[in-house]
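**Q**
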Amino acid sequence: MLDFLQQTIPLSEWVDSGVDWLTEHWAAFFSFLQTVGETIMDGMTTGLSAIPPLLFIVILTVLAFFLGGKKWQLPTFTLLGLLLVYNQDLWGDLLNTVTLVIVASVISVVIGVPVGILMSKNETAKNIITPVLDFMQTMPNFVYLIPAVAFFGIGMVPGAFASVIFSLPPTVRMTNLGIRQVPTELTEASDSFGGTSWQKLFKLELPLAKGNIFAGINQTMMLALSMVVVASMIGAPGLGQGVLSAVQRSQVGSGFVYGIAVVILAIILDRFTQKLNSSSAKTSKDASTKKSKRNKIIAGVVIAAVVIAGIAVYATSGGSDDDAAANKGNINLSYVEWDTEVASTNVMALVLEDMGYTVSMTPLDNAVNWEAVSNGESDATLSAWLPVTQKPQYDQFKDQVDELGPNLEGANLGIAVPDYVDADSIEDLDDQIPDKEIVGIEPGAGVVNAAEETVDTYDNLSDWEVTPTSSGAMTSQLGSAMQNEEPIAITAWSPHWMFQRYDLNYLDDPEGTMGEAEHIDTLAREGLEDDMPEAYSVLDNFYWETDDIETVMLAIEEGQDPEEAAQDWIDDNPDKVEEWTEDAE
Numbered sequence: 318m319l320d321f322l323q324q325t326i327p328l329s330e331w332v333d334s335g336v337d338w339l340t341e342h343w344a345a346f347f348s349f350l351q352t353v354g355e356t357i358m359d360g361m362t363t364g365l366s367a368i369p370p371l372l373f374i375v376i377l378t379v380l381a382f383f384l385g386g387k388k389w390q391l392p393t394f395t396l397l398g399l400l401l402v403y404n405q406d407l408w409g410d411l412l413n414t415v416t417l418v419i420v421a422s423v424i425s426v427v428i429g430v431p432v433g434i435l436m437s438k439n440e441t442a443k444n445i446i447t448p449v450l451d452f453m454q455t456m457p458n459f460v461y462l463i464p465a466v467a468f469f470g471i472g473m474v475p476g477a478f479a480s481v482i483f484s485l486p487p488t489v490r491m492t493n494l495g496i497r498q499v500p501t502e503l504t505e506a507s508d509s510f511g512g513t514s515w516q517k518l519f520k521l522e523l524p525l526a527k528g529n530i531f532a533g534i535n536q537t538m539m540l541a542l543s544m545v546v547v548a549s550m551i552g553a554p555g556l557g558q559g560v561l562s563a564v565q566r567s568q569v570g571s572g573f574v575y576g577i578a579v580v581i582l583a584i585i586l587d588r589f590t591q592k593l594n595s596s597s598a599k600t601s602k603d604a605s606t607k608k609s610k611r612n613k614i615i616a617g618v619v620i621a622a623v624v625i626a627g628i629a630v631y632a633t634s635g636g637s638d639d640d641a642a643a644n645k646g647n648i649n650l651s652y653v654e655w656d657t658e659v660a661s662t663n664v665m666a667l668v669l670e671d672m673g674y675t676v677s678m679t680p681l682d683n684a685v686n687w688e689a690v691s692n693g694e695s696d697a698t699l700s701a702w703l704p705v706t707q708k709p710q711y712d713q714f715k716d717q718v719d720e721l722g723p724n725l726e727g728a729n730l731g732i733a734v735p736d737y738v739d740a741d742s743i744e745d746l747d748d749q750i751p752d753k754e755i756v757g758i759e760p761g762a763g764v765v766n767a768a769e770e771t772v773d774t775y776d777n778l779s780d781w782e783v784t785p786t787s788s789g790a791m792t793s794q795l796g797s798a799m800q801n802e803e804p805i806a807i808t809a810w811s812p813h814w815m816f817q818r819y820d821l822n823y824l825d826d827p828e829g830t831m832g833e834a835e836h837i838d839t840l841a842r843e844g845l846e847d848d849m850p851e852a853y854s855v856l857d858n859f860y861w862e863t864d865d866i867e868t869v870m871l872a873i874e875e876g877q878d879p880e881e882a883a884q885d886w887i888d889d890n891p892d893k894v895e896e897w898t899e900d901a902e
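Each residue of the sequence shown is one higher than the one before, starting from 318 at the first, in the working numbering.
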């Protein structure tokens, strides 16, 4: 017994084996679901986008007016809130988010209501399903991203998959609760009058449980919306990408704007579902003709919106053949939301667009980025920091990607301190930093792992610790410390704009634990050279210097739009761009 307790149960290996088996043997099924999901969600987003934004806002405001009982509060908030989103140029992101939330919510309701009915009718099913729901609700939602990427790659479909798992339980629980709370006297009366089980369910129990079911649906929608930011880590477009970018790059203003847009959407969805529930719960004493008239108006508005969307989609589809003929192809560039990669990816995207390609840029988590290139979900990335920072990912995926070589050399990793800190070497660190901590970036990053090894290696750092945060949080903490002339030690890398803005010094590393000079490599999916030789040639030729990338990075950090900063650099460096594209001409 003691031997068993002392041996680690290989739980993670079992889970990995299970996921690997599913991805290998059910690959065709997951591919089918991904194709269907992408078609539905892309079509839905395209349809919504075809409606002129101001007309869409008016339609939703009118709908809010009738749902809100012809009171001014809800329509006023809907109008002003959506106008603010439109004013901040977030309308496209909002529609992507709405698509993700609606699809995830519909799937959750379609699955959740029948499962809740089953739980209410069968105690054995209830006892089995309840702990499963507990598991789904308490498991950290980030964990759901791992199988989502393994099964469906990147984009909206895996985002919807993770959202469904996380948001399904409230609908199941509330459906079960609502049916169980139907008075026994009423069910007995139904039985005494010879009602069948189906009649009792659809004509008695579900109508009486409708309030609980709508409450569960409401919570399901809110949980699906809460997954927006998490899903953006695996390439789901929408407001979440803006929030994640602002967090990682410590952009308080941008994060606030995207956050307000999420809040506006959440309140509108919450109030709409609540009003639908309250409207449907009105008793028969309300005039049936009045109710019928209102329903007809609402139905008319919805039908008009659908018709307008259909006409717009049909009208805009006429030039698709010409556009397809002019377009050399679609290229997806994935990247990690680091300042260096934001700069390089925007520059490369503009260069390829000028050549006639349609380029999409997808920000991803570091590990997901490598996996996306390896499985062909992404065509290329300019984000591979080697040989230290992304060594774990390189060891895992090196045989599944086409490595094109460095696009920038001379990158450095190390421990850095402000110039007013009395230390020239890591061996000098003692009490200069009162907290005795090294502020790091994302957990698992190579520079953080190297810093942890450094703390273990140097005797003078035996009581120090590395505190992982994020790239944005680290630079924010650095800026605060520099402003107040407080001592701080950070995991640093260059090129980075912080070395142009602040007076920082790398500490000497006698033991070499932070590694040698780094280079940033370009990776392409296998087969890209055959599919798009011109684009492949440009990616292969892409190379620039530290001064080039820092120019773009600093402009972005000072508030310039990344695309504008990239375009300015391209305009100022035509000879260098010509070197990249000469083999493709």
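Glycine included, every Cβ here is placed at the ideal spot set by N, Cα and C. As the structure is a prediction and not an experimental result, all values here were calculated from the model.
Assuming P487 and G533 are in contact, meaning their beta carbons sit under 8 Å apart, how far apart are those beta carbons, in whole angstroms?
**A** Correct: roughly 5 Å between the Cβ atoms.
**Q** Between which two residues does the beta strand (DSSP E) harbouring W702 extend?
**A** Per DSSP, W702 belongs to the beta strand (DSSP E) from 697-703.
**Q** Check S742 in the structure and name its three-state DSSP category.
**A** Looking at S742 - three-state DSSP - the assignment turns out to be strand.
**Q** Using 8 Å as the threshold, is the stretch 566-577 in touch with the stretch 445-463, meaning 3 or more CB pairs across them?
**A** No, the stretch 566-577 does not touch the stretch 445-463.
**Q** Where does D553 sit, in a helix, a strand or coil, going by DSSP?
**A** Note that residue 553 is Ala in the sequence shown here, rather than Asp. Note: A553 maps to coil in three-state DSSP.
**Q** Using 10 angstroms around the beta-carbon of M456, count the other beta-carbons present and answer buried if the total reaches 16, otherwise exposed.
**A** Exposed.
**Q** Just to confirm the assignment, what range does the alpha helix (DSSP H) spanning L525 have?
**A** Its alpha helix (DSSP H) spans residues 523-543.
**Q** Using alpha carbons as the reference points, say which of D739, M539, I807, E895 lies closest to S793.
**A** Answer by Cα proximity: I807.
**Q** For M831, does the three-state DSSP call read helix, strand or coil?
**A** Three-state DSSP puts M831 in coil, outside helix and strand.
**Q** With a threshold of 16 other CB atoms inside 10 Å of the CB of Q558, please say whether the residue is buried or exposed.
**A** When all chains shown are included, Q558 counts as buried.
**Q** Per DSSP, what kind of secondary structure is Y711 in: helix, strand or coil?
**A** In this structure, Y711 counts as helix in the three-state DSSP scheme.
**Q** Keeping to the same chain, check which residues put their C-beta closer than 7 Å to that of Q749; ignore five residues upstream and five downstream.
**A** Cβ neighbours of Q749 beyond the five flanking positions: V738, D739, A740, P804.
**Q** Quick one: grab the DSSP three-state call for I758.
**A** Correct three-state label for I758: coil.
**Q** Mind checking A809: buried by the 16 CB within 10 Å criterion, or exposed?
**A** Classification of A809: buried, given that the 10 Å Cβ count is 16 or more.
**Q** With a cut-off of 8 Å on the beta carbons, I'd call A548 and G476 a contact; round off their distance for me.
**A** A548 to G476, Cβ: 3 Å. Contact.
**Q** Are the beta-carbon atoms belonging to D838 and N724 less than 8 Å from one another?
**A** Yes. Within cutoff.
**Q** Whole angstroms are fine: how far does the CA of S562 sit from the CA of D339?
**A** Inspection of the sequence shows that residue 339 is occupied by Leu rather than by Asp. Cα to Cα, the separation comes out at about 32 Å.
**Q** In angstroms with no decimal places, state the Cα-to-Cα distance between A642 and A834.
**A** Because the pLDDT of A642 is 44, which lies under 50, any placement of that residue in the model is unreliable, and the question is left without a value.
**Q** With DSSP as the reference, label D825 as helix, strand or coil.
**A** Here D825 sits in strand by DSSP.
**Q** Using a threshold of 8 Å, state whether the C-beta atoms of L840 and D656 are closer than that.
**A** No. Outside cutoff.
**Q** By how many angstroms is the C-alpha of M361 removed from the C-alpha of F589?
**A** F589 and M361: Cα-Cα distance of roughly 20 Å.
**Q** Does T706 come out as helix, strand or coil in the three-state DSSP assignment?
**A** It is coil, neither helix nor strand.
**Q** According to DSSP, simplified to helix, strand and coil, what is V734?
**A** Correct three-state label for V734: strand.
**Q** Does the beta-carbon of K602 have 16 or more other beta-carbons within 10 angstroms, so that it is buried, or is it exposed?
**A** Bear in mind that the predicted position of K602 carries a pLDDT of just 43, short of 50, making it unreliable; the figure below should be weighed with that in mind. The residue is exposed, with fewer than 16 neighbouring Cβ atoms inside 10 Å.
**Q** To the nearest angstrom, how far is it from the Cα of S651 to the Cα of L699?
**A** When rounded, the distance between both Cα atoms is 8 Å.
**Q** Do M539 and S480 have their beta-carbon atoms positioned less than 8 Å apart in this structure?
**A** No; because the gap between Cβ atoms is not below 8 Å, this pair is not in contact.
**Q** In the DSSP assignment, what are the bridge partners of L681?
**A** Answer by DSSP bridge pairing, in chain order: V653.
**Q** Assuming V560 contacts G572 under a Cβ cut-off of 8 Å, what Cβ separation, rounded to an integer in Å, is found between them?
**A** Rounded, the Cβ-Cβ distance is 6 Å, consistent with contact.
**Q** Determine the direct distance from the alpha carbon of G646 to that of G354, and round the result to whole angstroms.
**A** Answer to the nearest angstrom: the Cα atoms are 22 Å apart.
**Q** Beta-carbon separation of I585 and T395 under 8 Å?
**A** The answer is yes: Cβ separation under 8 Å.
**Q** Leaving aside the five residues before and after E896 along the sequence, list all residues of the same chain whose C-beta is less than 6 Å from its C-beta, in chain order.
**A** Counting only Cβ-Cβ distances below 6 Å, and skipping sequence neighbours, we find nothing.
**Q** Nearest CA to the CA of S422: which residue from V460, K443, L485, S661?
**A** That would be L485, whose Cα lies nearest to the Cα of S422.
**Q** Quick check on G433: does DSSP put it in helix, strand or coil?
**A** G433: helix per DSSP, three-state reduction.
**Q** Using the beta-carbon count (16 or more within 10 Å), is F468 buried or exposed?
**A** By the neighbour-count rule (16 or more Cβ atoms within 10 Å), F468 is buried.
**Q** Can you look up S811 in the DSSP assignment and give me helix, strand or coil?
**A** Strand, per DSSP.
**Q** First and last residue of the beta strand (DSSP E) that includes T784?
**A** 782-784 is the extent of the beta strand (DSSP E) around T784.
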